[in-house]
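Residue 77 in the numbering used here sits at position 77 of the sequence shown, with consecutive numbering throughout. Note sheet for the following structure.
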Amino acid sequence: MASGYRVSPGRRRPASLILALVAHVLIILALFWAAPKPPPPREVDPDPKTFSLYPAPNEVARPSPQKSVARSTSAARKAPAAAPVGPAVVPPPPPIPAPAPVKMLAGGMELFDAADIGKLGNKGDTGADTAGTGKGSGKVYGPGEGPGGERLYDVDWYRRPTQAELDGYLPNGAPPGGYAIIACRMIENYQVENCRQLAESPVGSGLARAMRLAAWQFRVLPPREGNRMILGGWVRIKISFGELPQK
């Protein structure tokens, strides 16, 4: 026999609501217990310890830059001002002595006249003068008058040059009364070489140059010191034009 009892829908709703609430409460409790717990609070020391820091004994307190700058500024203010220095006095340069006049030959015209071998004796006369005495045949002039400071000896003619031998060297228009002085080195066979110009008259006439070029024809007696002939020494030769043989 079929039962006629039926549960009404109104009774089912409260039961489902209760079950849903219980489920939510369980979920909330599970989440609460599963969450991490916060750390316990630190204990506070009731009596804190304090200490002080002191500099080491070897360390020296460095002055601050501001104090050092202030000290240097005050020292600069206290320093006395230096006295002004005047311009340096430069002594005047010593006076330069005037150069002494240059002398071509010591003795002047007297020396030229003494060197004129055209006025001396010939070979025979010279031999007669020196044969018995043994003294030098030429007059010696002091050192410094010849080339390189060499001494000059006056010599006699072994053979006088002729006017014809000199005409090829004389300049055009040479005055008849002029003269020339040259210095030459004495060599063998009565010859001279390496002649130098010393003086001439008129000055600029070219006579000394002409005699220097013609000196290879000259034949003079070598100077002597006692019985010894001086070869390689310097001799002085003066030629006065107008007093020479024509041939």
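Quick reminder that beta carbons are idealized off the backbone N, C-alpha and C, glycines included.
- In the three-state DSSP reduction, arginine 196 falls in the strand class (E or B).
- Here the segment 183-190 does not lie against the segment 199-211, with fewer than 3 beta-carbon pairs under 8 Å apart.
- In this structure the segment 222-242 lies against the segment 171-182, because at least three pairs of beta carbons, one per stretch, are closer than 8 Å.
- For aspartate 156, there is no enclosing beta strand (DSSP E), as DSSP marks it with neither H nor E.
- In this structure, methionine 186 sits near glycine 233, with a CB-CB distance shorter than 7 Å.
- Ranked by Cα distance from serine 205, the first of Ile230, Pro171, Val220, Arg212 is Pro171.
- Under the three-state reduction of DSSP output, alanine 23 falls in the helix class.
- DSSP places arginine 42 in the coil class of the three-state scheme, outside both helix and strand.
- Under DSSP, isoleucine 239 forms a beta bridge with Ala180.
- For alanine 88, no alpha helix (DSSP H) run applies, since DSSP gives it neither H nor E.
- Alanine 214 is not a Cβ neighbour of tyrosine 158, given a cutoff of 7 Å.
- A check of alpha carbon separations from glutamate 165 across Asp154, Ile181, Trp216, Asn194 identifies Trp216 as the nearest.
- In terms of Cβ geometry, arginine 212 and cysteine 195 form a close pair [threshold 7 Å].
- Short of 6 Å from the beta carbon of alanine 88, and not among the five residues preceding or following it, lies no beta carbon of its own chain.
- Just measuring C-alpha positions, the residue of Gly173, Asn227, Ala183, Leu31 sitting nearest phenylalanine 218 is Ala183.
- Each residue's CA atom was taken as its position, placing aspartate 156 and leucine 231 some 15 Å apart.
- Each of Pro91, Leu19, Ile237 was checked against the Cα of arginine 160, and the nearest Cα belongs to Ile237.
- Per DSSP, the beta bridge partners of tryptophan 234 are Leu152, Arg185.
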